[in-house]
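Quick note, the sequences are listed as chains A and B, same order. All the letters of the first sequence, read from the start, carry residue numbers 0 to 217 under numbering that gives the first Met the number 0. All the letters of the second sequence, read from the start, carry residue numbers 0 to 217 under numbering that gives the first Met the number 0.
Number of protein chains: 2
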Amino acid sequence: MTTTTTTADQRATPEQLGIGMRLSVHPHCDDFVDVILGALEDARVSGAADGLETVTDEVSTYVAASGDAPEQRLVRYAAEVLAAAHRRCGDGHVVAHVLLSRGCPGEATCDLTVRALPAAEPVDLPAAGVAAAAQWSLYPLLDGGDTSDHMSHIEAAIDASRSRGVASEPAHYATLLRGDLTEVLATAADAWAAVGREVPHVVTHLTVSVGSPTGAQS
Amino acid sequence: MTTTTTTADQRATPEQLGIGMRLSVHPHCDDFVDVILGALEDARVSGAADGLETVTDEVSTYVAASGDAPEQRLVRYAAEVLAAAHRRCGDGHVVAHVLLSRGCPGEATCDLTVRALPAAEPVDLPAAGVAAAAQWSLYPLLDGGDTSDHMSHIEAAIDASRSRGVASEPAHYATLLRGDLTEVLATAADAWAAVGREVPHVVTHLTVSVGSPTGAQS
Numbered sequence: 000m001t002t003t004t005t006t007a008d009q010r011a012t013p014e015q016l017g018i019g020m021r022l023s024v025h026p027h028c029d030d031f032v033d034v035i036l037g038a039l040e041d042a043r044v045s046g047a048a049d050g051l052e053t054v055t056d057e058v059s060t061y062v063a064a065s066g067d068a069p070e071q072r073l074v075r076y077a078a079e080v081l082a083a084a085h086r087r088c089g090d091g092h093v094v095a096h097v098l099l100s101r102g103c104p105g106e107a108t109c110d111l112t113v114r115a116l117p118a119a120e121p122v123d124l125p126a127a128g129v130a131a132a133a134q135w136s137l138y139p140l141l142d143g144g145d146t147s148d149h150m151s152h153i154e155a156a157i158d159a160s161r162s163r164g165v166a167s168e169p170a171h172y173a174t175l176l177r178g179d180l181t182e183v184l185a186t187a188a189d190a191w192a193a194v195g196r197e198v199p200h201v202v203t204h205l206t207v208s209v210g211s212p213t214g215a216q217s
Numbered sequence: 000m001t002t003t004t005t006t007a008d009q010r011a012t013p014e015q016l017g018i019g020m021r022l023s024v025h026p027h028c029d030d031f032v033d034v035i036l037g038a039l040e041d042a043r044v045s046g047a048a049d050g051l052e053t054v055t056d057e058v059s060t061y062v063a064a065s066g067d068a069p070e071q072r073l074v075r076y077a078a079e080v081l082a083a084a085h086r087r088c089g090d091g092h093v094v095a096h097v098l099l100s101r102g103c104p105g106e107a108t109c110d111l112t113v114r115a116l117p118a119a120e121p122v123d124l125p126a127a128g129v130a131a132a133a134q135w136s137l138y139p140l141l142d143g144g145d146t147s148d149h150m151s152h153i154e155a156a157i158d159a160s161r162s163r164g165v166a167s168e169p170a171h172y173a174t175l176l177r178g179d180l181t182e183v184l185a186t187a188a189d190a191w192a193a194v195g196r197e198v199p200h201v202v203t204h205l206t207v208s209v210g211s212p213t214g215a216q217s
């Protein structure tokens, strides 16, 4: 499952891995429709949506990334949409739910042909300048035949998140992250991609809050 | 891993399994603080919070259920809080994020002693009378030594959801559910509990939307 002895052309591509996101943005204000539409337009104008495929349904938006640095482009898009919604909501309270997935490119079924798994470059983006708090969960989806256990992957990811600027503390079923919005998202995305070097199918969920009147980040 | 030849006192209790939920409620209206506080009070007055332990942080509320029928009491609480927020928001748009977990009672680590896994009774609650749409994902967290594969559990759960009144359709990384709010939550909870008869640690996530101006459910 490691890539150390594998040549580049044997590695799964982002398209084969199905690297993508589901994103929903929830402004806590009466004019939420205008806020959301304006935030999506802001991200389009800035170029953050370039090269991403987006499909919106009544609950969330599916965002697929192909080509180079898909992890970084997904994080940039989520951070820009959420920061723009916060700004358009009068620096108000906005929550986003983010699901990042890799290794299950199909819809209801997983048809990934097992290939060598690629290493992802860590996300490297400027700070958003918006303080955030997040509830973060990570799910390495092992199958019979894998000799590792799923909690060892999760614990290694949490340890790595502690060594970054983003403070993290354990909670039931999740880890709390606090810091700059982009760094919070990057922490989760880098951990998800790191597990993805060893486990083909891995999903991570974040509930990200900015501008909360009760939170320490507001 | 089955309970067929196991006596009741060998089965893991809800407390040993750590059956619980993280819940966040997002009213899309300016007076969201009053709406949320009022909805929580409504659920307390109705008795839906009886016997549940709740701890709120800046992102979400942890809800632990012990005793009889924990799955049903978690679904009732989430449905009542969300329905009350919708009503208090002028029948407006409210989204909740729900994480249901079993089999990992610790915080950062999983210290479940493997015991026979109990069968849960299906959730049986009256309809909420509120139409909902949800994005639903299910994660059976297998370890090395388990001979099954994680997608077979997910596919069986999706098949079961199709046989209920709740319409379901596949989407990338999730299944879309539509129907009465309580039935949508019960569909996910019953599938999660059913996988929990075979896989000790299983988590499910729902993003549940009511009153969306763009959704078919509004």
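A virtual CB, placed ideally from N, CA and C, is assigned to each residue, including glycine. Small disclaimer: the values here were computed from a predicted structure and weren't measured.
Residue i burial status per 10 Å Cβ neighbour count (16 or more: buried)
i	result
B:S211	buried
B:H200	buried
B:A48	buried
B:P26	buried
B:A82	buried
A:P117	buried
B:A126	exposed
B:R306	It is not possible to answer for residue 306 of chain B, since the shown part of chain B is limited to 0 through 217.
B:A170	buried
B:G195	buried
A:T12	exposed
B:T174	buried
A:D158	exposed
B:S151	exposed
B:S45	exposed
B:A7	Low confidence applies here, because B:A7 scores a pLDDT of 47, under 50, leaving its location unreliable; read the following figure in that light. That one is exposed.
Residue i, enclosing alpha helix (DSSP H) - first and last residue
i	result
A:L81	P69 to R87
A:V97	Where A:V97 is concerned, there is no enclosing alpha helix (DSSP H), although the beta strand (DSSP E) it sits in stretches over V93 to R101.
B:V44	F31 to S45
A:L22	Premise fails: A:L22 lies in the beta strand (DSSP E), G19 to P26, not in any alpha helix (DSSP H).
B:P13	P13 to L16
Nonlocal neighbours in the same chain, by C-beta distance under 6 Å from residue i, ignoring five residues either side
i	result
B:T60	L22 and T53
A:M0	Low local confidence applies: a pLDDT of 34 at A:M0 is under 50, so the model's placement there is unreliable, with the coordinate-based value given in what follows. Here the set comprises E197.
B:R163	T186
A:A133	L176, V183, L205 and V207
B:S65	P13 and E14
A:A95	V24, L81 and V207
B:E154	none
A:S221	Absent from the structure is residue 221 of chain A, since the part of chain A shown begins at 0 and ends at 217.
Residues near residue i in its chain [Cβ-Cβ closer than 7 Å; skip 5 each side]
i	result
A:A68	E120
B:R87	V34, G37 and A38
A:H149	P139 and L141
A:L219	Not covered by the structure: residue 219 of chain A. The range shown for chain A is 0 to 217.
A:V122	E70, Q71, V74, A185, A188 and D189
A:Y172	S136
B:A84	V24, P26, V34, I35, A38 and V93
B:A156	L137, A190, A193 and V194
First and last residue of the uninterrupted beta strand (DSSP E) at residue i
i	result
A:T60	T60 to A64
B:S162	It is not in any beta strand (DSSP E) - B:S162 carries neither H nor E in the DSSP assignment.
B:V198	Unbroken run through B:V198: none, as it is neither H nor E.
B:V225	Residue numbering for chain B in the displayed model covers 0 to 217; residue 225 of chain B lies beyond these limits and cannot be assessed.
A:L137	A130 to P139
A:L176	A173 to D179
Contacting residues, own chain, Cβ-Cβ under 8 Å from residue i (five flanking each side not counted)
i	result
B:L124	Q71, V74, R75, A78, T181 and A185
B:D90	G210
A:L51	V62, A63, A64, R72, L73 and Y76
Of all the residues that make up the stretch 120-141 of chain A, which are near chain B by a beta-carbon distance shorter than 9 Å?
A132, A133, Q134, S136, Y138, P139, L140 and L141
Report the residues of the stretch 54-79 of chain B with a CB closer than 9 Å to any CB of chain A, ordered along the chain.
V54, T55, D56, E57, V58, S59, Y61 and A63
Which residues of the stretch 18-48 of chain B have a Cβ closer than 8 Å to any Cβ of chain A? Give them in chain order.
G19, R21, S23, H25, P26, H27, C28, D29, F31 and V32
Chain-ordered residues of the stretch 198-215 of chain A with a beta carbon less than 9 Å from chain B:
H200, V202, H204, T206, V207, S208, S211, P212, T213, G214 and A215
Chain B contacts from the stretch 80-101 of chain A (Cβ-Cβ distance under 8 Å)
H92, V94, H96, L98 and S100
Positions along the stretch 161-179 of chain B whose CB lies within less than 8 Å of some CB in chain A:
P169, A170, H171, Y172, A173, T174 and L175
Looking at chain B, which residues of the stretch 148-162 of chain A have a Cβ within less than 7 Å of any of its Cβ atoms?
D148, H149, M150, E154 and I157
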